[in-house]
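Chain order of the listed sequences is A and B. The opening position of the first sequence corresponds to residue 1173 in this note's numbering, with each subsequent residue numbered one higher. The opening position of the second sequence corresponds to residue 688 in this note's numbering, with each subsequent residue numbered one higher. Beta carbons: idealized from backbone N, C-alpha and C, even for Gly. Below is one structure, written out as structure tokens; comments come after it.
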Amino acid sequence: MSVKVEHLTKLYGAQRAVDDISFEVRTGEVLGFLGPNGAGKSTTMKMVTCFVPQSSGKATVCGFDTMNNPMEVRRKIGYLPESNPLYYDMYVREYLEFIGLVHKLSNIGKRIDEMVDMTGLTRERHKKIGQLSKGYKQRVGIAQAMLHNPDVLILDEPTSGLDPNQLVEIRSLIKNLGKEKTVILSTHIMQEVQAMCDRVIIINKGKLVADDTPEHLQQRTAGETIVRVEFKETPELKLLSAISGVKTVKKEKDNQWLVYSQPGKDPREEIFRFAADKGLTLLTLNKEHSSLENVFQELTNK
Amino acid sequence: MLSIYRKEINAFFSSLIGYIAIVVFLVITGLIVWVFPDTNVLDYGYASLESLFFVAPWVYLFLIPAITMRSFAEEISNGTIEMLTTKPLREIDIILGKYFAALTLVFFSLLPTLIYYIAIYQLGAPKGNLDSGAIWGSYIGLLFLGSAFVSIGLFASSITSNQIVSFVLAAFLCFFFHWSFDFLSGLELFYAKIDDLIEAIGINAHYISISRGVVDTRDLVYFISFTAIFILLTKTVLESRKWK
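So, in structure tokens, the structure goes:
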């Protein structure tokens, strides 16, 4: 186990920021941390990276305890803090050189070239960090976290501020890294979890409420199937709801409806027959994925 | 430690901070030693650099807190302290890197004043008729004083995220430890009883002692322990975030 967290708790005064959280992450796994703002995601990451000490519990990284062996832990970890702190008056290369020196890397120049290339900073490498846009600053943050080729990457909202093109690049970069390393990342974006993560942990009010694969989590929404239907004509809502196996129907647009099935039923066949019987022209009949958003809301609104 | 030292030195000399500090120091001391009618060496008639060594602590009183005020306060307010302390660096590495960088800047501000020494050496009648021992002693004393002020400045910077608070606090502590014990020792309460002892707590007594040209181990021990105490205080402050 490259990262192991056991009964980790952090108290800020009387408030339990993180409450008895346990989980494990294996090498070659990308773990997504989900939770509403203030749920304790960043605090958990800060404890694993030895920035703040836990009130109780234990965290180990590659077998090294964060309290007893912080230096070894810091060597193993690449960390991107949530606020992505950088020295704005340093040049991109200068900053990465500094980080390389801190880690006492032997082939700094070559490694920086690799990272600059990997994170798409080539055109910006001679600029001052303060002059870069938010997305490029984020890339510098990611580059500094990965510079010393750490076994464990802890990225607190790595994709915030990136444009859609950059998002795709950075996501595939992280997914590739995840094949041989351990990656823990936090995010608010559900598609990101589906795109990158092998496993998801959902935290709410400091407590762990779910620890599963994204696929399994999706199936949790009470087993209902959601189908998007579009007719050329406008049938009566009443008739639609009367189709067998249908629980509720929601109107989306003019001729579009979202049909929610009763648990365990797939209403598509019935809808097709219904359209054929009534002589309606069926334009769309599409099974929607019950989204992770629903699961997330269900689990964190308690 | 070396990586932090390099970063700090680069920060001083790639921005205006380093140059401003050096130029301001040289302009003020230059005016006092060569231009101002009440203090300049030329009118005074004696080949000595006393005016330089008298005014330098006053200039450093403001200049060194200005150099050190950002050292930790800026890292705390930018959050870069989180980046630094999650890297394989010990707190003491970070502090010493910043300490030696600031001390280097003090050294560079002092270096050009050797020209004053050479000039006065040439002006002496006969040539070279000046108390070189006292001057070298004073330079050593100034460096130690700089080291003490830098350690105070780092401490003041570590306890706040606000650079102005850091500056004012550092300037006050420098003043307090440099001069106030001299004045306090004159209080009737202490006078002729323990005034020597009170005076010896302050920096000034030791600075003057070294300035005479005699480098006494007592003064060395004083300056080294003074600096060490403030560096350890800074370390304690940085580590305090780890207290539960």
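Shown here, Q1434 of chain A sits in coil according to DSSP, grouped into three states, outside any helix or strand. Secondary structure of V902 of chain B (DSSP, three-state): coil. In the three-state reduction of the DSSP assignment, Y1263 of chain A falls in the strand class.
In the DSSP assignment, Q1187 of chain A falls within the beta strand (DSSP E) that extends over 1187 to 1197. Listed along the chain, the chain B residues whose CB falls inside 9 Å of the CB of R1246 of chain A are T772, T773, K774, P775, L776.
The DSSP-derived three-state label of S1228 of chain A is strand. By the CB criterion at 9 Å, I1356 of chain A and L1203 of chain A fall inside the cutoff. L1464 of chain A is not a Cβ neighbour of V1401 of chain A, given a cutoff of 9 Å. Rounded to the nearest angstrom, the gap between the Cα atoms of E1442 of chain A and H1388 of chain A is 27 Å.
In this structure V1365 of chain A does not touch C1234 of chain A by the C-beta definition: roughly 25 Å separates them, more than the 8 Å allowed. With a threshold of 9 Å between beta carbons, T767 of chain B makes contact with chain A. In its chain, beyond the 5 residues on either side, D1328 have a beta carbon closer than 7 Å to the beta carbon of P1253 of chain A.
Against chain B, the beta carbon of D1237 of chain A has no neighbour under 8 Å; the closest one sits roughly 14 Å away.
The Cβ neighbour count for F1444 of chain A, taken over all protein chains shown within 10 Å, is under 16; the residue is labelled exposed.
Excluding residues up to 5 positions away in sequence, nothing lies with its Cβ nearer than 7 Å to the Cβ of A1448 of chain A in the same chain. Identification of residues in the region 1269 to 1286 of chain A having a C-beta nearer than 7 Å to some C-beta of chain B yields F1270, L1273, V1274, H1275, given in sequence order. With respect to chain A, the C-beta atom of N697 of chain B has a partner C-beta closer than 9 Å. Residue-level contact check: L689 of chain B touches chain A, since one or more beta carbons of chain A fall below 9 Å from its beta carbon. In this structure, DSSP gives G889 of chain B a state outside helix and strand, which the three-state scheme calls coil.
A contact is defined here as three or more CB-CB pairs under 8 Å, and the region 1467 to 1474 of chain A fails this definition with respect to the region 755 to 774 of chain B. Taking a Cβ-Cβ cut-off of 9 Å, S844 of chain B has no neighbours in chain A, whose nearest Cβ is about 16 Å from it. An exposed status is given to N1348 of chain A, since fewer than 16 other beta-carbon atoms sit within 10 Å of its beta-carbon.
For the set B:M756, B:G873, B:L792, the Cα lying nearest the Cα of L860 of chain B is the one of B:M756.
The alpha-carbon separation between I707 of chain B and A821 of chain B amounts to approximately 29 Å. Shown here, N697 of chain B sits in a helix according to DSSP, grouped into three states.
Residue pairing by DSSP places E1201 of chain A opposite A:T1354 in a beta bridge. Judged by beta-carbon spacing, V1224 of chain A lies beyond the 9 Å limit of D1237 of chain A, meaning their Cβ atoms are not closer than that value.
A direct Cα-Cα distance of roughly 29 Å separates E761 of chain B from D1285 of chain A.
The region 894 to 906 of chain B and the region 823 to 832 of chain B touch, with three or more beta-carbon pairs separated by less than 8 Å. Sequence-ordered contacts of the region 1320 to 1338 of chain A with chain B are nonexistent [C-beta pairs closer than 7 Å].
Neighbours of M1219 of chain A in chain B, taken as residues whose beta carbon is under 8 Å from its own, are absent, since the nearest beta carbon is some 11 Å off. One finds F1270, L1273 in chain A with Cβ atoms closer than 8 Å to the Cβ of R693 of chain B, taken in chain order.
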